[in-house]
Amino acid sequence: MSESARRFFAVIPAAGAGTRLGAALPKQYLPLAGRAMIRWSVDAMLAAPWVERVLVVVAPDDRHAAPLLAPLRRVEVLAAGGATRRDSVLAGLRALTESGARSDDWVLVHDAARPGLDAALLERLRAGLADSAVGGLLAVPVSDTVKQVGNDRRTVLATLDRERLWLAQTPQMFPLGMLGDALAACPEATDEAAAIECAGHAPLLVEGRRSNFKVTTAEDLQLMRWVLERP
1 MSESARRFFA VIPAAGAGTR LGAALPKQYL PLAGRAMIRW SVDAMLAAPW
51 VERVLVVVAP DDRHAAPLLA PLRRVEVLAA GGATRRDSVL AGLRALTESG
101 ARSDDWVLVH DAARPGLDAA LLERLRAGLA DSAVGGLLAV PVSDTVKQVG
151 NDRRTVLATL DRERLWLAQT PQMFPLGMLG DALAACPEAT DEAAAIECAG
201 HAPLLVEGRR SNFKVTTAED LQLMRWVLER P
């Protein structure tokens, strides 16, 4: 199949509770600069006309996503999320396959709590992976000195060479079939790229942007609000 015939789909796993933020709502539904946080992630995908469909995978008992997202064209809410990110992504991949997506179609997996994504970053990712058979991910190089600590999480054991260290971001973009097989075979992988690595492939890095960080703490939320509200 020609590269131009391969389609692009997005999967946004959103079944987590986000307990570290200490909020009454799961963090992906918190208001942020005029929208629910998850809307920023979904709207970024919708801004790319080449993304054919956006599948948001939520917990079976979720009551927040449908009112927010169901009215949007090209968006489907799938209440089949699992206990882990991997489970939710696999549920999304199965749903795409059952609805006619092919194994060599591209899937972009993006965090619901990473609202700093925009259309320019998506285009950069697609262009950066245009000649890759494996796919890859957005990432940023480490700029601070990195220390490795012992079991007490305080005692420094070593200083790592930051020249070869990058921080993984999302979206992470891989062929549907390859990603599904890798996730099924590598249950301990913490993200899609780690599963692809575990399966013996080498993902490519495409330089992202530091403002595309994941919101995990209250401090992150305040910083992201500033990022999104600045002129």
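When we follow the numbering used here, the leftmost residue of the sequence shown carries the number 1, and every step to the right adds one.
Beta carbons are placed, not taken as given, at the ideal position from N, Cα and C, and that holds for glycine.
Asked: Starting from G100, trace the beta strand (DSSP E) in both directions and tell me its first and last residue.; Found: Careful: G100 lies outside any beta strand (DSSP E) and carries neither H nor E.
Asked: Assuming contact is defined by CB atoms lying nearer than 8 Å, are Q172 and E197 in contact in what I supplied?; Found: no
Asked: If you draw a straight line from the C-alpha of T217 to the C-alpha of T145, how long is it?; Found: 22 Å
Asked: If you reduce the DSSP assignment to three classes, tell me which class E188 lands in.; Found: coil
Asked: What does T159 pair with, by DSSP beta-bridge criteria?; Found: K147
Asked: Determine the closest residue to L176 out of A195, D62 and L228, with distance taken between C-alpha atoms.; Found: A195
Asked: Assign G180 to buried or exposed, taking buried as 16 or more other Cβ atoms, counted over all protein chains shown, within 10 Å of its Cβ.; Found: buried
Asked: Could you check the C-alpha separation between A36 and E163 for me, to the nearest Å?; Found: 37 Å
Asked: Can you have a look at G100 and say buried or exposed, based on whether 16 or more other CB atoms are within 10 angstroms of its CB?; Found: exposed
Asked: Using three-state DSSP, classify V42 as helix, strand or coil.; Found: helix
Asked: Whose C-beta lies closer than 7 Å to the C-beta of A17 among residues of the same chain, with five residues either side of it excluded?; Found: P26
Asked: Does the Cβ of Q222 have 16 or more other Cβ atoms within 10 Å, making it buried, or fewer, making it exposed?; Found: exposed
Asked: Tell me the DSSP bridge mates of Q172?; Found: V109 and L137
Asked: In whole angstroms, give me the CA-to-CA distance for A65 and A158.; Found: 44 Å
Asked: Enumerate in chain order the residues of its own chain whose CB-to-CB distance from R74 is below 8 Å, with the five nearest sequence positions on each side excluded.; Found: L46, V51, E52, R53 and V54
Asked: Could you tell me whether the Cβ atoms of L78 and V56 are closer together than 8 Å?; Found: yes
Asked: Taking only three categories from DSSP, how would you classify P268?; Found: The structure shown does not extend to residue 268, since the chain is modelled only from 1 to 231, so the question has no answer here.
Asked: Leaving aside the five residues before and after R85 along the sequence, list all residues of the same chain whose C-beta is less than 7 Å from its C-beta, in chain order.; Found: P13
Asked: How many whole angstroms separate the CB atoms of L232 and A139, which I take to be in contact at a CB cut-off of 8 Å?; Found: Residue 232 lies beyond the range of the chain shown here (1 to 231); nothing can be said about it.
Asked: Check P153 in the structure and name its three-state DSSP category.; Found: The amino acid occupying residue 153 in the given sequence is Arg; Pro does not appear at that position. Coil.
Asked: Apart from the five residues just before and just after V227, which ones in its own chain have a Cβ nearer than 7 Å to its Cβ?; Found: G116 and S211
Asked: Quick one: grab the DSSP three-state call for V89.; Found: helix
Asked: Under 8 Å by Cβ, that's how I've got A48 and L122 pegged, so tell me the actual separation to the nearest angstrom.; Found: 5 Å
Asked: Relative to the C-alpha of G208, which candidate in W40, D87 and A168 has its C-alpha closest?; Found: A168
Asked: Report the three-state DSSP secondary structure of V56 (helix, strand or coil).; Found: strand
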